[in-house]
Amino acid sequence: MKLHQHDKKIINHLQGGFPVSENPWSELQISLDIPAEEIIHRIEKMKAAGIISRFGPMYDAAKMGGGLTLAAMKVDDCNFENVAEIVNSFPQVAHNYAREHEFNMWFVIATELPEQVDEVIEKIQSKTGLKVYNMPKQQEFFLGLKFKV
Amino acid sequence: MLAMKHKDEAEIIDSADRKIISATQQGLPLTLNPYHVVAQEVGMDVKEVIQRIKNMTESGVIRRTGIVPNHYKLGFTANGMSVWNVPEFKIMQLGEKIGALDFVSHCYQRPRFLPQWPYNLFAMVHGRSKGEVLEKVQSIAKLLGQDNICHQVLFSSRILKKTGLRI
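Quick mapping for you: the protein sequence lines, in order, are chains A and B.
When we follow numbering that gives the first Met the number 0, the leftmost residue of the first sequence carries the number 0, and every step to the right adds one.
When we follow numbering that gives the first Met the number 0, the leftmost residue of the second sequence carries the number 0, and every step to the right adds one.
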């Protein structure tokens, strides 16, 4: 899908925020200078094409009472697939990435309760015989995604 | 839905908030009056829904309301996890500086594991190529100057698992 000038305007503007008000589009069509129906139609099209992956409020799972952490492991190459399989078998492991480093496996653990993070880590350690380095965020400097197009 | 365990967290969201969360978990409806549609679904007045979304934004339960573009589809196909060893006592000031850069999507302070892992500041850097990511990492290094004790960039070589975070 080729992006029209208006699509780009919408992407750049709406990453920063969508009004939380009774008539959100009327505010938007003034600041974007695009009619509301056209904005809606373009977001629909971009969502269908996979260019926009979400429209709406973005929730912070950790703030809602759950546990969330980033964990890393050092895994031997010859053992990598086996360990990946064990780690991935935990439903609490949300993402897992291979990275080019001595610490070569990085995954996110998300649990319903904060104390369950340690339980999952212990289980992974005992099943793999490897140390899991738990690196929860201590401070967040997050100002939102801003991919200019 | 998440069970509430701790008192302070239980005070942040109540059952009405949770109704709104579950109604908007997949996003807002693309209609001329999205908040009215949500209000109807949860059986609340639209003014209350809007107020609750605002309150949740203030308390940090909602990061923000807007669109999330798929950065791969926008051509930002390379990403590197840059990790920095910076003086702990300056971390607030330095983290805010780096988090504000428009090519950094996430910036966190995380614990060190000395001596193997001296890095206490993580910044996810996005670019259209690996070279562009490395250039941007260089510009962070420049910005940090002497506060950059050492750093590395970890490129992802493979996605081993990817599921949406369940909330």
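For each residue, glycine too, the CB sits at the ideal point set by N, CA and C.
Using the Cα positions of residue i and residue j, report the straight-line distance between them to the nearest angstrom.
i: LYS160/B; j: ALA97/A; result: 10 Å
i: SER125/A; j: ASN103/A; result: 19 Å
i: THR30/B; j: LEU73/B; result: 25 Å
i: GLY64/A; j: TYR58/A; result: 12 Å
i: ILE66/B; j: TYR132/A; result: 33 Å
i: SER21/B; j: LEU27/B; result: 11 Å
i: ARG17/B; j: ALA93/A; result: 22 Å
i: ASP7/B; j: PRO68/B; result: For ASP7/B, the pLDDT reaches just 47, beneath the cut-off of 50, and the residue's location in the model is therefore unreliable, although a value from the coordinates is still provided. Rounded to whole angstroms, ASP7/B to PRO68/B spans 33 Å at the Cα level.
i: ASN32/B; j: HIS100/A; result: 49 Å
i: LEU112/A; j: GLY66/A; result: 5 Å
i: TYR71/B; j: ILE10/A; result: 14 Å
i: ILE12/B; j: CYS77/A; result: 47 Å
i: ILE85/A; j: TYR107/B; result: 27 Å
i: LEU143/B; j: LEU93/B; result: 7 Å
i: ILE139/B; j: VAL132/B; result: 11 Å
i: GLN137/B; j: GLY42/B; result: 52 Å
i: PRO135/A; j: GLN145/B; result: 26 Å
i: TYR118/B; j: VAL82/B; result: 6 Å
i: LYS96/B; j: GLN39/B; result: 42 Å
i: GLU37/A; j: VAL37/B; result: 22 Å
i: ALA168/A; j: ASP6/A; result: Since the first residue of chain A shown is 0 and the last is 148, residue 168/A is not available in this structure.
i: PHE154/B; j: VAL103/B; result: 15 Å
i: THR162/B; j: ALA35/A; result: 33 Å
i: GLU57/B; j: ASN81/A; result: 43 Å
i: ILE123/A; j: ASN147/B; result: 33 Å
i: GLN151/B; j: SER88/A; result: 30 Å
i: GLY130/B; j: ASN78/B; result: 10 Å
i: VAL119/A; j: TRP116/B; result: 22 Å
Please determine, among the options, the residue with the shortest C-alpha to C-alpha distance to residue i.
i: GLU21/A; options: ASP44/B, ALA15/B and ALA22/B; result: ASP44/B
i: PHE75/B; options: LEU153/B, MET123/B and ASN119/B; result: MET123/B
i: ALA15/B; options: VAL36/B, GLN25/B, MET55/B and HIS35/B; result: MET55/B
i: GLU121/A; options: ASP75/A, GLN91/A, GLU36/A and HIS12/A; result: GLN91/A
i: GLU139/A; options: PHE88/B, LYS46/B, HIS105/B and VAL48/B; result: HIS105/B
i: VAL60/B; options: GLY98/B, ILE19/B and LYS46/B; result: ILE19/B
i: THR64/B; options: GLU36/A, LYS44/A, GLN14/A and THR127/A; result: GLN14/A
i: PHE106/A; options: LYS46/A, HIS5/A and ALA70/A; result: ALA70/A
i: SER52/A; options: ASN78/B, GLN25/B and LYS129/B; result: GLN25/B
i: ILE185/A; options: ILE42/A, LYS46/A and LYS8/A; result: With chain A running from 0 to 148 in the structure shown, residue 185/A is simply not present.
i: LYS130/A; options: PRO18/A, ASP75/A, PHE17/A and LYS46/A; result: ASP75/A
i: TYR34/B; options: GLU114/A, PHE17/A, MET45/A and LYS46/A; result: PHE17/A
i: THR23/B; options: GLN115/A, PHE54/A, ILE108/A and MET45/A; result: PHE54/A
i: ALA99/B; options: ILE39/A, SER25/A, ILE50/A and PHE146/A; result: PHE146/A
i: ALA61/A; options: SER25/A, ALA109/A and HIS12/A; result: ALA109/A
Taking all protein chains shown into account, decide if residue i is buried (16 or more other Cβ within 10 angstroms of its Cβ) or exposed.
i: CYS149/B; result: exposed
i: MET72/A; result: buried
i: MET0/A; result: exposed
i: MET91/B; result: exposed
i: ARG127/B; result: exposed
i: LYS135/B; result: buried
i: PRO23/A; result: buried
i: ARG157/B; result: exposed
i: ASN95/A; result: buried
i: GLY128/A; result: exposed
i: HIS125/B; result: buried
Mind checking whether the beta-carbon of residue i lies closer than 7 Å to any heavy atom of the ligand SAM?
i: ARG62/B; result: Judged by which ligands are present, the structure shown has none, so any question about the ligand SAM falls away.
Tell me, which residues are paired with residue i by DSSP?
i: PRO68/B; result: ILE51/A
i: MET57/A; result: ARG63/B
i: TRP116/B; result: PHE112/B
i: GLN151/B; result: VAL82/B
i: GLN138/A; result: GLN108/B
Compute the beta-carbon to beta-carbon distance between residue i and residue j, rounded to the nearest angstrom, for a pair I have assumed lies under 8 Å.
i: PHE112/B; j: MET80/B; result: Not quite, the Cβ-Cβ distance comes to about 16 Å (not below 8 Å), so this is no contact.
i: PRO56/A; j: ILE52/B; result: 6 Å
i: LEU31/A; j: VAL148/A; result: Not a contact, Cβ separation roughly 14 Å.
i: PRO110/B; j: GLN137/A; result: 7 Å
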